[in-house]
Structure formats: structure tokens, C-alpha cells
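Report on one structure; see the data block that follows.
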Ligand SMILES: Cc1ncc(COP(=O)(O)O)c(C=O)c1O
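Residue numbers (the working numbering): 6 to 415.
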């Protein structure tokens with residue numbers, strides 16, 4: 006029987022409850038379960054070639070060992086002190102940046118994005134984001150009564166469109182009196198792009214200029230940092246320059262770095278040159294914790310704190326992660342080689358879980374690929390390919406399907 010009226014608030018009626026990526030993944034899985042030979046390059050988790058999720062044995066052992074009455078109790082609201090300190094140390098070591106930073110526990114990197122949006126934008130304001138972006142930024146901003154404002158990500162030479170970002174910062178300072186920009190580097194999801202040192206220098210110049218006119222916050226979403234290869238920590242060198250006239254936030258998560266997607270362990274790290282401002286930020290972040298998730302996964306924080314500080318565990322995790330990085334790198338190298346031969350258009354792609362292949366019609370491309378049993382995720386202007394879950398041996402088939410898909414759209 007149809008209800009005479011809906012008690013669901015008008016603003017949230019007709020929302021979709023699932024992420025489109027999970028929908029495509031679901032379809033791929035059910036076709037595979039029905040016996041079809043499916044290549045599923047939709048899911049953003051690193052898997053072995055046989056499809057089993059990659060994990061780090063030392064992380065699993067540590068979590069098991071620390072399970073007990075202590076971990077069953079509530080964690081402090083802003084996080085376990087040892088965890089908070091370990092995260093800052095993980096990013097900035099014993100250097101001066103560590104003394105200008107606070108970190109607050111969050112449920113994964115998603116929680117860090119949520120904290121940035123809630124505390125650095127007023128309701129009704131927008132977050133600046135490159136035109137290719139991680140889809141949930143839209144839901145996180147929308148759910149909090151904020152919005153998204155994309156600027157062109159690439160210029161004519163295929164490099165980061167710094168002028169587009171500068172124009173966005175100017176516009177936001179003029180129209181909303183503040184600006185929050187998210188930079189998801191290294192290993193940008195969904196394009197695979199990583200800013201070069203020269204590009205970071207230009208970002209610093211632009212942020213420096215904008216930050217003299219009004220409050221600017223740069224949120225570095227470093228979710229894939231540990232898979233950034235040689236440039237994994239390159240962004241850290243940019244932080245002092247960014248801090249000259251802006252607030253810097255970093256989204257930190259173990260979802261990928263410790264292959265603990267389900268544990269929901271993360272942190273937001275804030276950096277500011279003024280200790281009084283930093284104390285205010287710390288308080289605002291703690292308040293938001295209490296008002297949303299109350300406190301975060303206690304066991305995960307205890308485990309992460311040990312895994313980040315015990316020298317023996319640090320060495321073991323880093324060796325185990327190196328094996329996963331090598332697995333991923335083999336896929337990236339194979340993809341780049343075949344994609345170049347096929348003439349596919351992609352951004353510069355040296356590291357990371359994903360790459361985007363440009364196409365004039367992403368839906369036509371993805372549909373033509375699905376006809377051949379190959380699943381990617383259509384995004385405006387491209388399809389996203391999750392090499393993290395694509396065995397190297399299947400890359401010739403993947404690239405052939407991409408070639409056919411792009412041709413079908415042209
Ligand atoms: C760009 C980006 N940011 C943040 C996250 C959030 O990660 P978590 O699973 O830790 O919430 C993801 C996860 O896919 C991501 O791709």
C-alpha cells in the first residue's frame with residue numbers, strides 16, 4: 006500500500022544508496038558467477054592475480070594480538086594519543102613540520118574528507134576540485150550542505166592546469182570569502198596523475214598569492230601515498246611553501262597503505278604556522294568527531310600506532326608492502342606498454358591504483374567494453390581502469406577492449 010505522505014525529508018528523497026562503482030562491480034561479478042569470462046577492472050582494492058584481496062600479514066597479526074579488553078573500550082574522542090603522534094611522525098618525521106601539526110583520528114580517509122568539508126567551509130559554500138575527482142567528494146560535500154566546484158584538471162599539454170586552479174581560488178575568495186581546494190596526489194584517483202616537483206612549485210606560488218587575500222585551505226588527500234613509488238613523499242617538500250599563507254590539511258588512511266580497507270582507520274592532519282590557530286583547528290576537529298562518529302576504531306588505532314613506531318614492525322610492513330608495490334608496478338608497466346602501442350590517450354601514469362583512458366563518450370566506451378566482458382567505470386570524459394585488481398596477464402585483452410571501446414565512441 007502506498008503511504009499517503011513521505012516522512013523522508015524532501016532534500017534527501019530519491020537519493021541512490023549505492024556508489025555506481027559498486028553497481029558495475031556487482032554486474033561484473035554476477036556475470037562471472039554465471040560462467041562468463043569477465044575481466045573486472047572496476048574495484049579499487051589491490052588484489053592478487055587470483056582475485057584474493059592483498060593483505061599484509063604483519064598488520065593482521067598485530068591486530069589479532071592487540072584484540073582484548075583495552076581495545077574493546079572506547080577510544081579518546083580525537084584519537085589515541087600514541088596513534089595521533091605516530092601519524093604525524095609517519096608523515097613528517099622529527100622535522101619542524103611535526104611541531105606545527107596536529108592529527109585527529111577519523112574513520113578512514115573518507116572521515117578526513119568529511120572533517121575538511123565541515124570545518125573549512127560554511128554551509129552553502131563549495132570545495133574546489135580538479136575536474137576528474139573521486140566520486141564520493143560529491144556526496145560528502147552534498148550531505149553536509151556544501152557543494153563541489155570543479156576546475157579543468159589538465160591544460161593543452163596534458164599537465165596540471167594551474168591557471169584553472171588559480172582562477173578557482175580567486176573566484177571562491179571573491180564569492181564565498183574562503184577557499185578549500187582538494188589535491189589528491191600522489192596517484193590521483195581516477196587518473197593516476199602525480200604532480201611533478203615543478204608543478205608543486207607552481208601550486209605553491211598560486212596558493213601563496215591567494216592566501217594573502219583571504220583564508221585558503223589546501224587539503225592533500227594522500228590516500229594512495231604509499232604506492233607513489235619514487236614520488237610518494239614528494240608532496241611533503243611542498244608543505245612549508247603552502248603553509249606560508251594557507252592552512253594545510255592531509256587526509257591519511259591505512260585503507261591502502263596497510264591494506265585494511267574495512268578497518269576504517271585514518272586521520273586528518275592539520276598544519277598551521279600559528280599555534281593559536283592550530284589549537285582552534287584541533288578543537289573544531291575534536292568537536293566534529295564527537296558530533297558524528299563519537300570516537301574511532303580503538304583496536305585499529307592501537308595497532309597502527311605500534312605498526313608505525315616499532316622498528317621491527319615498521320621494517321616488516323615495509324617489506325611486505327614492497328611486494329604489493331612490485332605486483333602493481335608490473336601491471337602498470339604492462340599497461341603503459343600496450344596502451345602506447347594501441348595509441349590510447351591517458352594522463353602521465355607512473356604509479357597508483359588507477360588510470361583514466363580519455364574518450365569522447367564514456368558511456369559508449371564502457372558499454373562496448375562490457376559487450377566484450379570487460380568492466381571499467383565510466384566517468385565524464387574517460388573510463389577509469391583499476392589496475393590494482395587487473396592481473397598483468399589480462400592487460401592485452403583489457404587494452405584491446407579499450408581500443409574498441411574508444412573507437413566505438415569516436
Ligand atoms: C581519492 C580517495 N580519497 C579518499 C579515499 C577514502 O579512503 P578510505 O577507504 O580510507 O575512507 C579513497 C578511497 O577509495 C580515495 O580513492
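All C-beta atoms, glycine included, are put in the ideal place defined by N, C-alpha and C.
- Residue 104 and residue 315 have their C-alpha atoms spaced approximately 21 Å apart.
- Residue 270 and residue 302 do touch by the CB rule: their CB atoms are close to 6 Å apart, below 8 Å.
- When only Cα atoms are considered, residue 108 and residue 405 end up about 45 Å apart.
- Residue pairing from DSSP places residue 225 in a beta bridge opposite 188, 255.
- Annotation for residue 189 indicates a beta carbon within 6 Å of some heavy atom of ligand 1.
- About 13 Å separates the beta carbons of residue 118 and residue 274, which is beyond the 8 Å limit, so they are not a contact pair.
- Contact between the segment 351–366 and the segment 179–189 is absent: fewer than 3 CB-CB pairs across the two stretches fall below 8 Å.
- Contact check for residue 211 and residue 184: beta-carbon distance about 11 Å, past the 8 Å limit, so the pair fails to qualify.
- Short of 8 Å from the beta carbon of residue 319, and not among the five residues preceding or following it, lie these beta carbons of its own chain, in chain order: 312, 313.
- Per the C-alpha coordinates, the member of 343, 7, 42 positioned closest to residue 375 is 42.
- DSSP links residue 165 through a beta bridge to 159.
- Its Cα nearest to that of residue 29, the residue 49 stands out among 49, 14, 15, 17.
- Linking residue 132 to residue 121 through their CA atoms gives a straight-line distance of about 10 Å.
- With a beta-carbon spacing of about 12 Å, residue 116 and residue 306 fall beyond the 8 Å limit used to define contacts.
- In chain order, 303, 304, 307 place their CB closer than 7 Å to the CB of residue 76, counting only its own chain and leaving out the 5 sequence neighbours on each side.
- Annotation for residue 133: no alpha helix (DSSP H) segment contains it, though the beta strand (DSSP E) segment containing it runs 131–135.
- In the DSSP annotation of this structure, the continuous segment of the beta strand (DSSP E) that includes residue 359 starts and ends at 359–363.
- Note on geometry: alpha-carbon atoms of residue 244 and residue 296 lie some 30 Å from one another.
- Taking one beta carbon from each stretch, the segment 128–146 and the segment 325–344 have fewer than 3 pairs nearer than 8 Å; the two do not touch.
- In the DSSP assignment, residue 106 falls within the beta strand (DSSP E) that extends over 106–111.
- The shortest CA-to-CA distance from residue 361 to any of 399, 198, 291 is the one to 198.
- For the 7 Å CB-CB criterion, residue 250 and residue 219 do not form a contact.
- Under the DSSP assignment, residue 389 falls in the beta strand (DSSP E) whose first and last residues are 387–391.
- Excluding the 5 residues flanking it on each side, residue 87 has same chain C-beta neighbours closer than 6 Å at 310, in chain order.
- For residue 336, the closest C-alpha among the options 403, 349, 291 is that of 403.
- The Cβ atoms of residue 300 and residue 167 lie no closer than 7 Å to each other.
- Secondary structure of residue 380 (DSSP, three-state): strand.
- Counting only the Cα atoms, residue 9 lies some 45 Å from residue 224.
- Apart from the 5 residues on each side of it in sequence, residue 268 sits with its Cβ closer than 7 Å to the Cβ of 259, 302, 305 in its chain, given in chain order.
- The C-beta separation of residue 172 from residue 156 comes to about 7 Å, placing the pair in contact by the 8 Å criterion.
- For the 7 Å CB-CB criterion, residue 142 and residue 126 do not form a contact.
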